[in-house]
Amino acid sequence: MTIIQRSMLLVLFFLLASSVVISISFVLIVVLVIVAMEVVPALNQVNIKVYQALIFMFIIGCYSYLMGMIIGKPLLAVIGWLKGLSEGKYNRQMYAETYAFLWNKKKKMKWHYLPFKSVFLRLQELSTSLERNRQEIARENEVKEQWLSGVSHDLKTPLSYVKGYMDLMTNSDISLTEDERGQALEVVKQKLDEIEGLIHTFQVKQAQPIALKSRGDLVQFLREITIDAANNPRSARYHFAFETGVEVCEYYFDPLLLKRVMQNLLINAVLHNPPDTEITVRLERKDRLYITVTDNGVGMPPSVIANVFGDRVGGEEKAADSAGLGLIVVKALVAEHQGEIDVQSAPSQGTVLTMKLPLSVME
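Next comes the structure, spelled out in C-alpha cells:
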C-alpha cells in the first residue's frame, strides 16, 4: 500500500469517525433543547424551525472547524513546505520551527495529524536529501573551479618558456647563431606541444584527474625536470641541484601529471623567492619513496599552508595567490598516485615540500 493510499484511508476513517461524533452530538443537542423547553416554558413560544436552524448552523460550524484542524491545517503545511522546497529552501530545522504545531513537546506528531505522518516524514527526508545534494554540487563546483584555475596556472610555465625565447630571438641587441636559433625554436616547439598536450590530456572523472600510469625511471625523469626548470629564462639567477643515492628507480607513474607537480613546485620556488635562491630536488627510498623540493628562500606564508594543508573552516577566505592555487593542484595530483605531500616552512627559513609515494607501486 502506497503512502497516498494509506493516508487516504486514514483521512476516510477520520471523516467517518467525525460523522459519528457529529451525529451523536446532534442527538444530544436536540435532547438538551427539549429538556430546556420543558424547564423553561417560555422557550416553547419560539418557532421550532429556529431551533433547527441554530442546531444545524452550530453543527456545520463545529464540523468545519474540526475538518479545518484535522485536514486543512496540515494540508496548508504540506503546500507551504513544497513551495519552500521549490524555492531552494532545504533547511529541515526551519520547517520544524515554522510548522511546530504539528508536533507535541516530545517532538512526536500530534494524534489528530497522524494521517499525514508519512507525508511529513517523506518531506523531512526530501529536505535532507536536497540539502545534501546542494552541498555536494557546491563542493563539486568548487573543485571544478579549482581545476580550471589549475589548468590556467599550469599553462603559465610553458608559456613563460615560449615568451622568454621569443623575446630572446626578437631582441635586436642579441645576435644568435643558426644553431642557437634552431635550439631556441626547438624548445619553443616542445613547449607548445606541452601546452597542447596539457589541454587535450586533462581528463576529469568526478572532478578528479585520471592518472594514466606507465613504468619509468624516476631518477632520469626528475633529473630532466630539474634541468628543464633550470633552463627556464626566469630561472637564470637561481641555482638548481638534483640529488639521489639511487642510480635507477623504476616506478609506475603518470609522467604528465607528475611533471605538472614538479613544475608547479619548482616554478613556485622561483616566482616566490629572490634571485640566488638554492633549489634542490632530492629522491630517497626508505619505507616509501620521498621526493623532496627544498629551497632556502623567504618561506611560505602560514595562511597558504593552513589553506592547502590544514582543515579549512567553511566560509574562510581561500588563498588567492598562485602559490596557494598551485599547491592545491599539486596535492590532488599526488593523491592520484596514492601518495601524500606535506610542507615544512617558516618565514625567512625556506621551504621543504615532501612527496611520499608508496613502494607497492614499484612491484
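Residue numbering for the sequence shown follows our numbering, beginning at 12 and increasing consecutively. Virtual Cβ for every residue (Gly too), placed ideally from N, Cα, C.
Name the two residues that bound the continuous beta strand (DSSP E) containing residue i.
{"i": "F112", "result": "Taken as a continuous stretch (DSSP letters only), F112 belongs to no beta strand (DSSP E), as it is neither H nor E."}
{"i": "A252", "result": "H250 to T255"}
{"i": "D306", "result": "L300 to D306"}
{"i": "Q355", "result": "E351 to S356"}
{"i": "L187", "result": "Here L187 belongs to no beta strand (DSSP E), and DSSP marks it neither H nor E."}
{"i": "L54", "result": "Segment: none, L54 is in no beta strand (DSSP E) and carries neither H nor E."}
{"i": "E295", "result": "E289 to R296"}
{"i": "S225", "result": "S225 to D228"}
Taking Cβ to Cβ, would you say residue i is nearer than 8 angstroms to residue j?
{"i": "L368", "j": "R299", "result": "yes"}
{"i": "R192", "j": "M180", "result": "yes"}
{"i": "F253", "j": "R234", "result": "yes"}
{"i": "P244", "j": "G175", "result": "yes"}
{"i": "L113", "j": "Y124", "result": "yes"}
{"i": "Y262", "j": "L229", "result": "yes"}
{"i": "I290", "j": "D265", "result": "no"}
{"i": "S36", "j": "I70", "result": "yes"}
{"i": "V304", "j": "L276", "result": "yes"}
{"i": "I316", "j": "M366", "result": "no"}
{"i": "L141", "j": "Y101", "result": "yes"}
{"i": "T188", "j": "I278", "result": "no"}
{"i": "G310", "j": "P358", "result": "yes"}
{"i": "L39", "j": "M48", "result": "no"}
{"i": "V319", "j": "L344", "result": "no"}
{"i": "F232", "j": "A241", "result": "no"}
{"i": "I82", "j": "V41", "result": "no"}
{"i": "T255", "j": "R293", "result": "yes"}
Starting from residue i, trace the alpha helix (DSSP H) both ways and give me its first and last residue.
{"i": "L432", "result": "Here the chain covers residues 12 to 374 and nothing more, so residue 432 does not appear."}
{"i": "I90", "result": "K84 to S97"}
Buried or exposed: which applies to residue i, given that a residue is buried once 16 or more other Cβ atoms fall within 10 Å of its Cβ?
{"i": "Q360", "result": "exposed"}
{"i": "D184", "result": "exposed"}
{"i": "D190", "result": "exposed"}
{"i": "Q274", "result": "buried"}
{"i": "E205", "result": "buried"}
{"i": "N284", "result": "buried"}
{"i": "L23", "result": "exposed"}
{"i": "L43", "result": "exposed"}
Is residue i near the ligand MN, with its Cβ less than 7 angstroms from a heavy atom?
{"i": "N115", "result": "No copy of the ligand MN appears in this structure; indeed no ligand is present at all."}
Decide if the segment 101-111 is in contact with the segment 60-78; the criterion is three or more beta carbon pairs, one per stretch, under 8 angstroms apart.
Taking 8 angstroms as the limit for Cβ pairs, the verdict is that the segment 60-78 does not touch the segment 101-111.
4-residue-minimum alpha helix (DSSP H) runs that sit fully inside the segment 230-286, ordered along the chain
Runs found: 266-282.
The segment 126-146 in contact with the segment 83-102 per 3-pair CB rule at 8 angstroms
A contact exists between the segment 126-146 and the segment 83-102.
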